[in-house]
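Residues in the sequence shown are numbered from 1 upward in steps of one, following UniProt numbering.
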Amino acid sequence: MSDDPDWSLPPKAAPPPAPAAAPGCGQAAGALGHGHIRLALAQWPIEAVAGLDAWAAKLDAWLARAAAGGAQLAVLPEYAAVEVAASLAGASPATEAQELAAMVAAAPALLERLRRAAMRAGIWLLGGSLPMRGADGAIRNRAPLIAPDGRLAMQDKCAMTRFETERWGVSPGAPPGVFDTPFGRIGVSICYDVEFPKHVRTQAEAGAWLILVPTCTDTMHGFNRVRFAARARALENQCYVAISPTIGLAPWSAALDENRGLAAVFGPIDRGFPEDGILAQGALDRPQWVFADLDTHALDAVRADGAVRNFSDWPRRPFPACTAKDFA
Numbered sequence: 001m002s003d004d005p006d007w008s009l010p011p012k013a014a015p016p017p018a019p020a021a022a023p024g025c026g027q028a029a030g031a032l033g034h035g036h037i038r039l040a041l042a043q044w045p046i047e048a049v050a051g052l053d054a055w056a057a058k059l060d061a062w063l064a065r066a067a068a069g070g071a072q073l074a075v076l077p078e079y080a081a082v083e084v085a086a087s088l089a090g091a092s093p094a095t096e097a098q099e100l101a102a103m104v105a106a107a108p109a110l111l112e113r114l115r116r117a118a119m120r121a122g123i124w125l126l127g128g129s130l131p132m133r134g135a136d137g138a139i140r141n142r143a144p145l146i147a148p149d150g151r152l153a154m155q156d157k158c159a160m161t162r163f164e165t166e167r168w169g170v171s172p173g174a175p176p177g178v179f180d181t182p183f184g185r186i187g188v189s190i191c192y193d194v195e196f197p198k199h200v201r202t203q204a205e206a207g208a209w210l211i212l213v214p215t216c217t218d219t220m221h222g223f224n225r226v227r228f229a230a231r232a233r234a235l236e237n238q239c240y241v242a243i244s245p246t247i248g249l250a251p252w253s254a255a256l257d258e259n260r261g262l263a264a265v266f267g268p269i270d271r272g273f274p275e276d277g278i279l280a281q282g283a284l285d286r287p288q289w290v291f292a293d294l295d296t297h298a299l300d301a302v303r304a305d306g307a308v309r310n311f312s313d314w315p316r317r318p319f320p321a322c323t324a325k326d327f328a
């Protein structure tokens, strides 16, 4: 993996027309309304960062590059800020439990730094995800979507990996929702959540045309599970699904010692789209931004007159329990 991020930028897109208001839930089965967005997905290198201010400086540098590339929304991966946990834990090496405790304690301060960074860059920011303790005492994995004016809303992770359940004690959070933005409705499905079709289906039926998937995987098995699940969700919902991973080796970090992946944007596999449905992707395990220009018009067209109509043909009633077939 290169030590330096790939800052090469694609041509900046022309400013889109003013977007319409976000569609209501009742519009999901028909036209989505106009939405256009220039997206930047981070392939975020896990590095030894000495404290919150140093991490905020790294974030500012990355977001400045995203903004210079014309991004309207930048996406960080799941647990992107956990790279700072080792320095906050005050132990060398720190244990997984010590890193978790440090992250939970620092979560409000990190969230504030994410909010300020989005405001300085003047763009929307999905700030990866943070382990945060709720009023009930439970720790949940929460992804903040932050507006350029500093307002934010959260999506919790619903399906916990074995690491989160067995070693960190992270609890499932609130069910999937959608975010109303100037670009239309957007959903967030954190890493493992995207491997469960109903999670994204619920968001698509509520009018989400773009699903953001911040992810953190330590093997190619894990990376490919998320990648192929994301492609399947884009196919069956005829929507866009975008993934942003952590990358790199970090033997000094108990929680994030290995990170594999690449960022990508997937769409329907039908006319008007690439034959494999891959709209953009980065280089494996290389620090960089991956940019993509996305528009709802192509989705409206394929939902209305594609070779197949996966979105509208989704079964409206659950299948009954399977029974054995009789041979005659």
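Backbone N, C-alpha and C fix where the C-beta goes; we use that ideal spot for every residue, glycine too.
Straight-line gap, residue i to residue j (C-alpha atoms, nearest Å)
| i | j | result |
| --- | --- | --- |
| Q288 | A91 | 31 Å |
| F319 | H36 | 36 Å |
| A50 | V84 | 7 Å |
| I186 | Q203 | 8 Å |
| R116 | V308 | 44 Å |
| P175 | E195 | 15 Å |
| residue 331 | A107 | No statement about residue 331 is possible, as the shown extent of the chain runs from 1 to 328 and does not include it. |
| C25 | D180 | Note that C25 scores 35 on pLDDT, short of 50, meaning its location in the model is unreliable and no value can be drawn from it. |
| A29 | E275 | Confidence is the limiting factor: at A29 the pLDDT is only 45, short of 50, which leaves the residue's position unreliable, though a coordinate-based value still follows. Their backbone Cα atoms lie some 24 Å apart in a straight line. |
| Q98 | D285 | 27 Å |
| E166 | K157 | 16 Å |
| R317 | Q281 | 36 Å |
| A263 | I247 | 10 Å |
| A48 | S87 | 8 Å |
| T219 | A80 | 16 Å |
| A109 | D270 | 45 Å |
| P144 | L52 | 18 Å |
| V200 | L32 | 16 Å |
| A102 | K58 | 19 Å |
| F163 | A121 | 34 Å |
Beta-carbon spacing of residue i, residue j below 7 Å
| i | j | result |
| --- | --- | --- |
| A159 | D136 | no |
| Q72 | I146 | no |
| V226 | R233 | no |
| E258 | L249 | yes |
| L100 | W209 | no |
| F266 | R303 | no |
| G150 | M119 | yes |
| R140 | S171 | yes |
| Q238 | L294 | no |
Neighbourhood of residue i by C-beta, 7 Å cutoff - its chain only, sequence neighbours within 5 removed
| i | result |
| --- | --- |
| A301 | G272 |
| L76 | A42, W44, L126, G127, G128, P214, S244 |
| A254 | P93, A94, T95, E96, E99 |
Bridge partner(s) assigned by DSSP for residue i
| i | result |
| --- | --- |
| Q43 | Q288 |
| V75 | L41, L126 |
| D295 | H36 |
| Q98 | DSSP output for Q98 lists no bridge partner at all. |
6 Å Cβ shell around residue i - same chain, five flanking residues per side excluded
| i | result |
| --- | --- |
| R113 | A56 |
| F223 | T217, R260, G261 |
| T161 | Y192 |
| A89 | Q98, E99, A102 |
Residues near residue i by beta carbon distance below 8 Å, same chain, minus five either side
| i | result |
| --- | --- |
| P15 | At P15, the pLDDT of 35 sits below 50, so the modelled position is not reliable; the number obtained from the coordinates is stated separately. Cβ neighbours of P15 beyond the five flanking positions: none. |
| N310 | L235, E236, N237, Q238, P268 |
| V104 | P131, M132, R133, I139 |
Every unbroken alpha helix (DSSP H) inside the segment 214 to 278 [4 residues or more]:
Here the runs fully enclosed are 220 to 237.
What are the uninterrupted segments assigned as beta strand (DSSP E) that are 3 or more residues long and contained completely in the segment 119 to 188, given in chain order?
As far as the segment 119 to 188 is concerned, its whole beta strand (DSSP E) runs of at least 3 residues are 124 to 127, 130 to 133, 139 to 146, 152 to 156, 179 to 181, 184 to 188.
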